[in-house]
Amino acid sequence: MTEQLPDTISRLYADPGEYVDSDHPAVEAFARAAVPSDASARDKARRLYTAVRDGIRYNPYVSMRSPESYRASSVLAAGNGYCVGKAALYAAACRVHGIPARVGFADVRNHLTTEKLRQSMGSDLFTWHGFTEVFVDGAWRKATPTFNDTLCAKLGVKPLDFDGHADALLHPFDGEGRAYMQYVNDHGSYHDVPAKFLMREMAREYANMQGEDLAGRDMEREATEQ
1 MTEQLPDTIS RLYADPGEYV DSDHPAVEAF ARAAVPSDAS ARDKARRLYT
51 AVRDGIRYNP YVSMRSPESY RASSVLAAGN GYCVGKAALY AAACRVHGIP
101 ARVGFADVRN HLTTEKLRQS MGSDLFTWHG FTEVFVDGAW RKATPTFNDT
151 LCAKLGVKPL DFDGHADALL HPFDGEGRAY MQYVNDHGSY HDVPAKFLMR
201 EMAREYANMQ GEDLAGRDME REATEQ
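Numbering-wise, the UniProt record's numbering puts 5 at position 5 of the sequence shown, and it's gapless, one number per residue.
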């Protein structure tokens, strides 16, 4: 089933935000370099997804007290980010090409993470996990560009692909059939990242991590060592 977005809504989700800063020159250059200008919207959405997924390393140890962890251009400059920052960058890259995009949030239970990350978090529940919704071919399509290909290899799962049409959230099972990700609560979708709220929420949910020295922590290295 397809729908037609009202012009005002289409313009809203194609316009820059403070954190989904699609008007930043570096974001514009990244988005235009990733896809041919004459590609279809679906193909652009697919190619941009892969560019963000694999070009930006997943790093759950970024400072969630810093607004730059949520800003697309800052995540691009750093070359790494956690789920929300990567979702913001993917949304921003799509907007550069006029594809309406927004950031979505949900609580997910992660059954396959590193033991060190689980200990630091004190839980396997990832609250306010970020993903992206893109409006392609008359419908909102959900995609999660979180885990880069090299990390997936170390965790024993295939990278999550997005064809620009079918939703690509997180794998329910790993390569050996073990439970991997389970979506628990949906928190809706937004034009921009509610960063100030998320900074407070992350401090409340993951108080254990607030006083911990996370500098130098690397999830890929932890996955190799465990």
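For each residue, glycine too, the CB sits at the ideal point set by N, CA and C.
Report, in whole angstroms, the separation of the C-beta atoms of residue i and residue j, which I expect to be a contact under 8 Å.
i      : j      : result
Asp124 : Tyr19  : Rounded, the Cβ-Cβ distance is 27 Å, inconsistent with contact.
Val184 : Asp107 : 4 Å
Lys44  : Ile99  : 6 Å
Phe131 : Leu5   : 19 Å between Cβ atoms; not a contact.
Arg57  : Asn148 : 5 Å
With DSSP as the reference, label residue i as helix, strand or coil.
i      : result
Ala26  : helix
Gly55  : helix
Asp149 : helix
Asp43  : helix
Report the rounded CA-to-CA distance for residue i versus residue j, giving the unit in angstroms.
i      : j      : result
Glu220 : Val96  : 31 Å
Arg109 : Lys86  : 19 Å
Phe30  : Ala93  : 7 Å
Val52  : Met181 : 20 Å
Arg32  : Asp38  : 11 Å
His129 : Ala143 : 12 Å
Asn59  : Met202 : 15 Å
Arg71  : Arg47  : 21 Å
Arg126 : Phe105 : Checking the sequence, you will find Phe at residue 126 rather than Arg. Between Phe126 and Phe105, the C-alpha separation is close to 11 Å.
Asp7   : Gly17  : 18 Å
Asp186 : Asp15  : 24 Å
Leu169 : Leu160 : 8 Å
Pro194 : Tyr13  : 15 Å
Tyr206 : Asn80  : 20 Å
Gly55  : Trp140 : 24 Å
Buried or exposed for residue i, please, with buried defined as at least 16 other CB atoms from any protein chain shown within 10 angstroms of its CB.
i      : result
Phe164 : In the sequence as displayed, the identity of residue 164 is Gly instead of Phe. Per the 10 Å Cβ criterion, buried.
Asp21  : buried
Ala26  : exposed
Pro145 : buried
Glu3   : exposed
Compare the beta carbon distance of residue i and residue j with 7 Å and say whether it is the shorter of the two.
i      : j      : result
Ala91  : Ala101 : yes
Asp137 : Arg42  : yes
Val62  : Ser73  : no
Met199 : Arg11  : no
Val103 : Leu89  : no
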